[in-house]
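Numbering of the sequence shown is given in the working numbering, commencing with residue 83 and proceeding in unit increments. Cβ atoms here follow ideal geometry from the backbone N, Cα and C, with glycine treated the same way.
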Amino acid sequence: MKSIREITNKYIKGNEIFSRFIKVFSVDVLVRGANFFLIPVFLRLMTPEEYGIYGYLYSFSYTIAGILCFGVFVALIKLYADTVSDKKVQGSMLFTLTISQFALLILSIIIVYIWGIDIDFFSFLNKTNSVGSNQYLAYRNFVFVAAASMVLSGYLTFFLVSSERIRGLQTFNILRLVLTNLMAILVIYFSDGDAVFQRLAVTYSMELILTLFYSIIIYKNFTFKFSKFFLMKTLKIGLPITASSITFAVVNFGDKFFVAKYSGEKGMAIYYLGFLLATIILVIYQSFNFVWNPLFMKEKDLVVLRRKTNRYLWIIALGLGSIGVLIWIGAFVGLKINIIPQDYNQILQILPFLIISQLISAMALLMINYMTYFEKTYIQAFVGIGLSLIGYYLYDFMGERFGVIGISIGIMFLNILMFIFYYFRSQYYINNRLKA
C-alpha cells in the first residue's frame, strides 16, 4: 500500500490546481469566513424584518448586476486565455473589454434610472406587500450603487483570476472585508437611523471606491488600441449571458418573491439566513473555480479535460456534501447556544434542501464552463427561459402549500434539472468535437 507521504506528494504537493486552490481558499476562508462569522453580529444589530428587507434588496441588486454586466467578465476569461501568447494583443483586448464594460454599465444605469425600468421590474418581481414599490424608492439610489459595485468588483476579480494574480486577489478581498463590513457595523451601532439603508449605503459605497482605486492594476496592462474584433467576440459571448440573466431573475429572485408572498418579512429573514449559510458551498466552489477556470480554458485536449472535469465532479459532490453537513450542525449548535436568535429556529428544516441545492448548483456551474469553452453561451438563455417558466409555477404551487420549506424544495429541484441538462449538453459538444 502507498504511504501517506507518497499520496500527499502525488495528489497534493505535486498538484498545481490543489496548491493554487489552497492559496486562494486560505484567504477566502479569512474573508468569506469572516462574513459568515459576522452574521450573528448583524442579526443582533438588525431586527428580523430589517434583515429580511436587506436580504431582499441584496438579491434584487445582485439580479440587476447580473444583467448590467452584459456577460463581459465571461468573455474576459475566454479571451484572456486566447491571447496569453501576445501581450500587445492581450493589452488591446483588456482595453476594449474594460472600456466596453464601463461604458455599457454607465449608459444602462442612466437609461434604467431615468425611465424607471428598475421600478417596473421590481414591481413585477414583487407583487406582495413585503417591500412595496414606494418603500423601494427609499433605497433605490444605493441599489444602483450596489449593482454597479457588484459589476465592477466582479470584473476586477475575474481579471485577477484570469491573469492568475493570486496575491492581488488576496489583498483585494482582505481590504474589501475590512472597509465594508467593519464600517457598516460601526455606522449601524453608533447611529439610530434605518439599519437597512445604512448597511446598503456604507457597504457598497466603500466597495465601489475600493474597486475603482484597485482597478489601476488593469490600467497598467492596457495597450491603448480599441479592437472591433474583440468587441464583437465579447458581444457574441456576453449578450446571451445577459439574456439568460434576465430569464434567470425569475429563478434566482423568484424564490424570494414567493417566500415574501406566502411567509412575509419574517419568513424572508429566515430564508435569507438559510440561503446565506448554504452559500458557503458556492463560496468554496468559487475559490476552486478561480483556480480551475484559467487552466480549463487553456486545455486543448478534450479527452484530458473531460477526465479532469469528471474527477472534480466527484470531489465537489463528496467534499462539499461533507461541508454541508457541518453547516447544518453549526446552525443547530448556534441555535442551542443562542448565537442565532430563536426567531430563526425554522432554519434547521429548510437548510438541508438549500444545501443540496447549492451543491448541485456548484456541479452545474462546473459543467457550464463548457458553454464558454465552446462559445455556446446562447444555450444559457434558452435554459433560463425554461427554468424560469418551471420555477414560477413550481414556487407558487409549493409556496402556497408548504411555505418556506416548499420553496426550498422547489429551488433544489430546479438546480437538479439544470445540472442534468448541462452535463449531457457538454458531453454532446465534447463528443462532436472529438469526432470532427
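Between which two residues does the alpha helix (DSSP H) carrying Thr-293 extend?
-> 277-296
Segment limits, alpha helix (DSSP H) that includes Pro-434 = 429-455
Is the CB-CB distance between Ile-196 and Asp-337 below 7 angstroms?
-> For Ile-196 and Asp-337, no; Cβs fall outside 7 angstroms.
Val-278 to Phe-142 span [Cα, whole Å] = 14 angstroms
Locate the alpha helix (DSSP H) running through Asn-255, then write down its first and last residues.
-> 248-259
Can you say whether Gly-403 is buried or exposed, counting buried as having 16 or more other CB atoms within 10 angstroms of its CB?
-> exposed
Beta carbon of Leu-292, beta carbon of Leu-268: below 7 angstroms?
-> Their beta carbons are not under 7 angstroms apart, which means Leu-292 does not touch Leu-268 by this criterion.
Selected residue, minimal CA-CA separation from Phe-201, among Ala-283, Val-171, Leu-139 and Phe-479 | Note that residue 201 is Ile in the sequence shown, not Phe. That would be Leu-139, whose Cα lies nearest to the Cα of Ile-201.
Between the C-alpha atoms of Ala-342 and Tyr-136, what's the straight-line distance to the nearest angstrom?
-> 13 angstroms
Which residue from Glu-132, Asn-513, Trp-410 and Ile-450 puts its Cα closest to that of Ile-502?
-> Ile-450
Alpha carbon of Ser-54 to alpha carbon of Met-314, nearest angstrom = With the chain represented from 83 up to 518, any question about residue 54 goes unanswered, as that position is not in the structure.
Relative to the ligand SAM, is the shortest distance from any of its heavy atoms to the C-beta of Ile-159 smaller than 6 angstroms?
-> Summarising the ligand content, the structure contains no ligands, and the ligand SAM is consequently not present.
What do you get for Lys-302, buried or exposed, if any count of 16 or more other CB atoms within 10 angstroms of its CB means buried?
-> exposed
Just the C-alpha distance for Thr-165 and Gly-401, rounded to the nearest angstrom, thanks.
-> 34 angstroms
Classify Asn-303 as helix, strand or coil using the three-state DSSP reduction.
-> coil
By how many angstroms is the C-alpha of Val-373 removed from the C-alpha of Thr-305?
-> 26 angstroms
So is Leu-408 buried or exposed if we call it buried at 16+ other beta carbons inside 10 Å?
-> exposed
Helix, strand or coil: how does DSSP classify Phe-152 here?
-> coil
List the whole-angstrom C-beta distance separating Ile-411 from Lys-160, where the pair is believed to meet the contact cut-off of C-beta under 8 angstroms.
-> No, Ile-411 and Lys-160 are not in contact; Cβ-Cβ is about 40 angstroms, not under 8 angstroms.
Span of the alpha helix (DSSP H) holding Gln-462?
-> 460-517
Give me the Cα-Cα distance between Arg-393 and Asn-223, rounded to the nearest whole angstrom.
-> 45 angstroms
Host alpha helix (DSSP H) of Thr-180 (start-end) | 169-197
Start and end residues, alpha helix (DSSP H) containing Pro-423 = No alpha helix (DSSP H) contains Pro-423, which DSSP labels as neither H nor E.
Coil, strand or helix - Ser-309 by DSSP = Note: Ser-309 maps to coil in three-state DSSP.
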